[in-house]
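The next block holds one structure in the form of structure tokens; read it before the comments.
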Amino acid sequence: MSRKPNAGAAREAADEIVRFDGVAMRYGRGPEVLSDLNFVLRRGSFHFVTGASGAGKSSLLKLIYLAARPSSGVVRLFGEDTQSLTSSQLPRLRRRIGVVFQDLILLDHLSAFDNAALPLRIAGYKPAEYRNDVAELLAWVGLGRRMLALPPTLAGGEKQRLAIARAVVNRPEILLADEPTGNVDQEMALRILRLFVELNRLGTTVVIATHDQDLVARSNKPVLHLEGGRITALPPQGPVAAGADRSEAE
Amino acid sequence: MSGAPFDLERWRPASFLPEKDARDPALIFVVAVLCFLACLTAMGVIAADRAAGGWASQLTGEATVIVRARGGETPDAAAARAAETLAGLKGVAEARALEREKAYDLVRPWLGDMSDLEDLPVPRLVAVTLDPEEPATAEELSKALNAQGLDTVVDDHSIWINDIRRAAGVVRWTGAGVFLMIALAAGAVIAFATRAGLAARKDVVEVLHLTGAEDGYIATLFQLRFARIAAVAGALGAAAAAGLGAMLRLAGGGQGLTPALPIAWIDLLACLPAPLLAAAVAAVAARLTAAALIRAL
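The listed protein sequences correspond, in order, to chains U and G. Quick note on numbering: the numbering used here labels position 8 of the first sequence as 8, and the sequence is numbered without any gaps. Start counting at 1 in the second sequence, then tack on 1000, and there's your number in the numbering used here.
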């Protein structure tokens, strides 16, 4: 009898993909851009991070994709306290995360195919092991005929989809997207949203930072709302909520 | 390009860093000039060392004895007796009393063109050629001459030899210092170029870093790139220096344009390691710089 609660707690902990406990963050000696953040993101969930420009959305994502460290508090990723990790241990964790950067950061001298294949090369796979997967993925995001194109020759929506393809090519456990619909029209924004929903359906945890309230309203997904670096609206917590979220996605 | 059919089987991963950079020619030129100067320095040091060795061995093989006449003996007779004494000594290959005119020639700059030098007790000189295998020391020569009751001063050129050896040492160390300075300058130039390259390729570094590339992996990309550039620049600089060395050698070598620094054909081999050394310096400089910058991300 006594095992059941422990087993449940362990399962719940394993289900936590991101946990913030009293997290604050500042750049250098500047003021805090994030303060007292406490929340949990569960495996397979889909969340929006909303807030006005400067509210701290990008900074929050940076903490999750390990581009920044908190000035106080604990950030747990896949159950590991990121503060306790050495810089040589971080790459292993980063390979489990896919990121669509706000400014995309596609490498202009590499073809769309090379850009999309980049995380797999870094992970040490041989071309023969991944080239078919990359081609399939690019076809899935609608870039099947643009595999040799250099990013400067791609349209805005194509670049966005290429950045998404690069972010998901190594099947990350969590996908973070910073304003992924910022530079595309409404129709393309909805197509991209459908892409994220589809990825979430396949099991990827998705977190999208956006100020596009219309997109958030259409998706009906839980929201972490930031104001002045503090969370003012939390998504429902707990395994039930995560399960409910998954069922919504399905 | 995007319109061409994509052949999956023939696809090969492209380099993460662009193959060409607009700054490369300037960097190649600077490193090539530094390598050219380094090679010239190396050849100069080798030639100077050879020249100093030659002068020292010439002086080491000879000694000069100044003979003053005593009592009723004439200077010529004293010189002949000294030569005879030394000729039989172990470690002496030949001893020869110089003609009186030679002795007069030596004092003439101080006394003027006098017609009655015969009346002055001008010392005579004995030129001694020492055995190159086992040369007699100045002390041994003096002892033998003293034993014959001769009033002599033996000059084995040791002061000059020491001066030449000291000068050769100075040239060697100066050359090594110049060589080191040039290597450091090349390293600094590469470090500067690496910084500029990293700044220009911040997008590459950032994407690789955040998609899970290890710091060493990213640093290696820059290390290999700059090592390759430096190797090419080193080869160009070395070829230019070897060409100049060959021209000097053809223009007369030790007898012609460069009598003080006799360049030999074998000296041109000093240019051979330049590409490797340049690549090594560049690799270390680029690695350290890139690693420090990536750590700061």
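The beta carbon of each residue, even a glycine, is placed where N, CA and C say it ideally should be.
Close to T1211/G, with beta-carbon spacing below 7 Å, are these residues of chain U in chain order: R94, L118, P119 and I122.
Using beta-carbon distances, I105/U counts as an interface residue toward chain G, with a partner under 9 Å. With respect to chain G, the C-beta atom of S87/U has a partner C-beta closer than 9 Å. Under the three-state reduction of DSSP output, L37/U falls in the strand class.
DSSP places A233/U in the uninterrupted beta strand (DSSP E) bounded by R230 to A233.
Distance from the CA of G1149/G to the CA of G1071/G, rounded to the nearest whole angstrom, comes to 11 Å.
Rounded to the nearest angstrom, the gap between the Cα atoms of A1063/G and V1033/G is 46 Å. A direct Cα-to-Cα measurement between L1141/G and V1154/G gives close to 7 Å. The bridge partners DSSP lists for E32/U are R26/U.
DSSP lists L175/U as the bridge partner or partners of G98/U. Excluding its 5 nearest sequence neighbours in each direction, F1036/G has C-beta neighbours in its own chain below 6 Å: G1237, A1240 and A1241, listed in chain order. When the five nearest sequence neighbours on each side are left out, the beta carbons in the same chain lying within less than 6 Å of the beta carbon of C1039/G are those of A1238, A1241, C1271 and A1274, in order along the chain. R218/U and R201/U have their C-alpha atoms some 17 Å from each other. Taking a cut-off of 8 Å on C-beta distances, the stretch 50-69 of chain U does not touch the stretch 183-200 of chain U, as fewer than three cross pairs fall below it. As the crow flies, the alpha-carbon of Q83/U is around 16 Å from that of I17/U. At least one CB of chain G lies nearer than 9 Å to the CB of A135/U.
Closest in alpha carbon position to P119/U, among D108/U, E32/U and V99/U, is V99/U. In this structure, DSSP gives H211/U a state outside helix and strand, which the three-state scheme calls coil. In this structure, V1065/G sits near L1086/G, with a CB-CB distance shorter than 9 Å. Contact of Y27/U with chain G by beta-carbon distance below 8 Å is absent, the smallest such distance being about 14 Å. Taking the Cα of A117/U as reference, the smallest distance to any Cα among R92/U, L148/U and S88/U is reached at L148/U.
Taking C-beta atoms as the reference points, I1190/G and A1282/G count as a pair closer than 9 Å.
For D1151/G, the enclosing beta strand (DSSP E) covers residues D1151 to D1155. C-alpha of L41/U to C-alpha of R29/U: approximately 29 Å in a straight line. A1022/G and D108/U have their C-alpha atoms some 15 Å from each other.
C-alpha of I122/U to C-alpha of F1006/G: approximately 23 Å in a straight line. If you look at H1209/G, you'll find it in the alpha helix (DSSP H) that goes K1202 to L1210.
For a Cβ distance threshold of 8 Å, residue set L1008 of chain G lies close to N132/U, ordered along the chain. For V99/U, a Cβ of chain G is located within less than 9 Å of the residue's own Cβ. Following the DSSP letters along the chain, one finds I64/U inside the alpha helix (DSSP H) bounded by residues K57 to I64.
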